[in-house]
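J.:
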Amino acid sequence: MDRLIIRGGKPLRGKVKISGAKNAALPSLVASILTSEPIHFSRVPNLRDVHTVCTLLSNLGVRVKNRGRGNYELESSQVQNYEAPYDLVKTMRASCLVMGPLLTRFGKAKVSYPGGCAIGERPINLHIKGFELMGAKVKLHRGYVVATAKNGLRGNSIYLDLPTVTGTQNLMMAATLAKGETIIENVAREPEVCSLARMLNDMGAKIAGAGTDVVTIQGVPKLHGTRCKIIPDRIETGTYMVAGAITGGDVEVVQCDPETVDSVVAKLRETGCKVQVRKSSIRVKGNAPLRSVDISTAPYPGFPTDMQAQIMALMTLSDGVSVINETVFENRFMHVAELNRMGATVHVQGSSATVKGVPKLSGAPLTATDLRASASLVLAALAADGESVVHRVYHLNRGYESLVDKLTALGADIERVSGPPV
Ligand code: EPU
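When you line the sequence shown up against my numbering, it's residues 155 to 576, in that order.
(1) Identify, in the order they occur along the chain, each residue of the same chain with its Cβ nearer than 8 Å to the Cβ of residue 421, setting aside the five sequence neighbours on each side.
(2) Starting from residue 406, trace the beta strand (DSSP E) in both directions and tell me its first and last residue.
(3) Check whether the Cβ of residue 325 lies closer than 7 Å to any heavy atom of the ligand EPU, and answer yes or no.
(4) According to DSSP, is residue 416 part of a helix, a strand, or is it coil?
(5) If I follow the unbroken beta strand (DSSP E) through residue 195, where does it start and stop?
(6) Using 10 angstroms around the beta-carbon of residue 501, count the other beta-carbons present and answer buried if the total reaches 16, otherwise exposed.
(7) Would you call residue 176 buried or exposed, if buried means 16 or more other Cβ atoms sit within 10 Å of its Cβ?
(8) Is there at least one non-hydrogen atom of the ligand EPU closer than 7 Å to the beta-carbon of residue 320?
(9) Ends of the alpha helix (DSSP H) at residue 447?
(10) For residue 526, count the other beta carbons within 10 Å of its own beta carbon; 16 or more makes it buried, fewer makes it exposed. Which is it?
(11) Any idea if residue 394 is buried or exposed, counting beta-carbon neighbours within 10 angstroms, 16 or more meaning buried?
(12) Checking 8 Å against the spacing of the C-beta atoms, do residue 425 and residue 345 come in under that value?
(13) Please work out which residues of its chain come closer than 7 Å, Cβ to Cβ, to residue 323, disregarding the five sequence neighbours upstream and downstream, and give them in chain order.
(14) Which class does residue 577 belong to by DSSP, given the choice of helix, strand or coil?
(15) Per DSSP, residue 567 is paired with what?
(16) Give the straight-line distance between the Cα atoms of residue 229 and residue 243, rounded to the nearest whole angstrom.
(17) Within 8 Å, do at least three Cβ pairs link the segment 360-380 to the segment 332-343?
(18) Let me know the secondary structure DSSP gives residue 248 once reduced to three states.
See below:
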């Protein structure tokens, strides 16, 4: 199994280009199920989750053409299978996004019910409640959610107890072809919801309000093909910003959308780092000593839970005490034990972590359980004295395109090694 060997302590300097966003690419690729006409995608990141969704779509009968350099063409005129099997859903929960498009266009969908994952229980009850309110019959059969809507879906008013991101996307896609009007309240406002709404409107859907907490969708009988450029990845953006900060370097993150990382910019400025924001780039210069800051994760535009592990790595090297509250997922502190093995002093109580800054971290063998936790360990290793070995690199392959190349170009001493652990 591949691992990363990182010799830390080098300040990172230079420019890094941001890739297309994983969490925008996944729903957008899935949305191609909604029409029989081809959809052309560009800036699709080369990531394991993108390959998984392409496998899933191919299994459904979607024609997937990878034209290289992030360009894909998807065409769904021959869909003949309506099932997202256990094997794919267990490797990528976002597979459940096919449920809305399949149900609304073909009146049936069978999706393996996602189990818990490393960061929490993560049920999909709100997706299901929404489909039921739109007239679908939903039952659980041998671990699968089986949904049918023989006469199509009908618009309705749906209130989400929590602003779920993929739940909002799933229901929004379902509502595009439903009869009449659907109003979804307390929806997620994430940029990945807005980019999906834009793509759907380009396909002929009638969606208003994306980016606010109420989305209204007037159903239409049919959608057509379009072109879709995937938006820049805001979590990759934030991760490289922290890479500049934690190594005391000077990193310019380019081809990004600074508006989507306002909360990260604000928090880095509070630490004393110099952050210069331009139209499509952000330059971060490290500061010593780093001031400690408190963070509470929240749905967008709050501080992203997907940046919590990375900002914690930074806070381990601050000059004070930082309190980090995780309010979105119940078990997203799996990186803490590994950071503590590097000499950090982090204490977790319930959904709150208290980080007492230390002057330095030391390299160590490290193993992470999920994507963002792995990113936090890479960041800590880049700043630590000596060598670290980060195992289970496949987590990083899910969400960071060309991570080793990008970090190497910034001056990091990092290499990827294949084969069994030594
Ligand atoms: N929730 C429910 N019921 C539901 C749906 C969600 O209780 O039916 C709860 C979840 O358990 C969680 C909260 O609502 O406590 C928010 O979860 P949400 O549904 O918004 O998460 P998600 O849609 O499954 C997406 C991203 C995650 C990101 C979260 C939060 C994708 C493919 N995934 O997940 O990304 O952490 O939103 O922003 O968009 C990652 O990229 O590393 C990642 C985990």
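Ideal placement from N, C-alpha and C gives every residue a C-beta, glycine not left out.
Keep in mind that this is a model prediction, so the values were computed, not measured.
T.: Result, derived from the coordinates:
(1) By 1-based counting over the sequence shown, the position of residue 421 is 267. Around residue 421: 447, 449, 457 and 465.
(2) As a working note, residue 406 is residue 252 in the sequence shown. 404-408 is the span of the beta strand (DSSP E), which, as asked, contains residue 406.
(3) Translated into positions along the sequence shown, residue 325 becomes position 171. It does not: the Cβ of residue 325 is nowhere closer than 7 Å to a heavy atom of the ligand EPU.
(4) Taking the sequence shown and counting its residues from 1, the one referred to as residue 416 is at position 262. Note: residue 416 maps to helix in three-state DSSP.
(5) By 1-based counting over the sequence shown, the position of residue 195 is 41. Residue 195 -> beta strand (DSSP E) spans 193-196.
(6) Locating residue 501 in the sequence shown gives position 347, counting from the first residue. Flag for residue 501 reads exposed.
(7) Translated into the one-based positions of the sequence shown, residue 176 becomes position 22. Residue 176 should be labelled buried.
(8) Numbered from 1 along the sequence shown, position 166 holds the residue referred to as residue 320. Checking the Cβ of residue 320 against the ligand EPU gives yes.
(9) By 1-based counting over the sequence shown, the position of residue 447 is 293. Note, residue 447: premise wrong, no alpha helix (DSSP H); not H, not E.
(10) Looking up residue 526 in the sequence shown gives position 372. So residue 526 ends up on the buried side.
(11) Taking the first residue of the sequence shown as position 1, residue 394 is located at position 240. Result: buried.
(12) On the sequence shown, position 271 is the one that residue 425 refers to. On the sequence shown, position 191 is the one that residue 345 refers to. Going by C-beta atoms, residue 425 is not nearer than 8 Å to residue 345.
(13) Indexing the sequence shown from 1 puts residue 323 at position 169. Counting only Cβ-Cβ distances below 7 Å, and skipping sequence neighbours, we find 181, 251, 347 and 350.
(14) Residue 577 falls outside the range modelled here, since the chain spans only 155 to 576, and no answer is possible.
(15) Taking the first residue of the sequence shown as position 1, residue 567 is located at position 413. Answer is 161, bridged to residue 567.
(16) Residue mapping note: residue 229 aligns to position 75 of the sequence shown, counting from 1. Residue mapping note: residue 243 aligns to position 89 of the sequence shown, counting from 1. Cα to Cα, residue 229 sits roughly 22 Å from residue 243.
(17) yes
(18) Position 94 of the sequence shown, counting from 1, holds the residue named residue 248. Three-state result, residue 248: helix.
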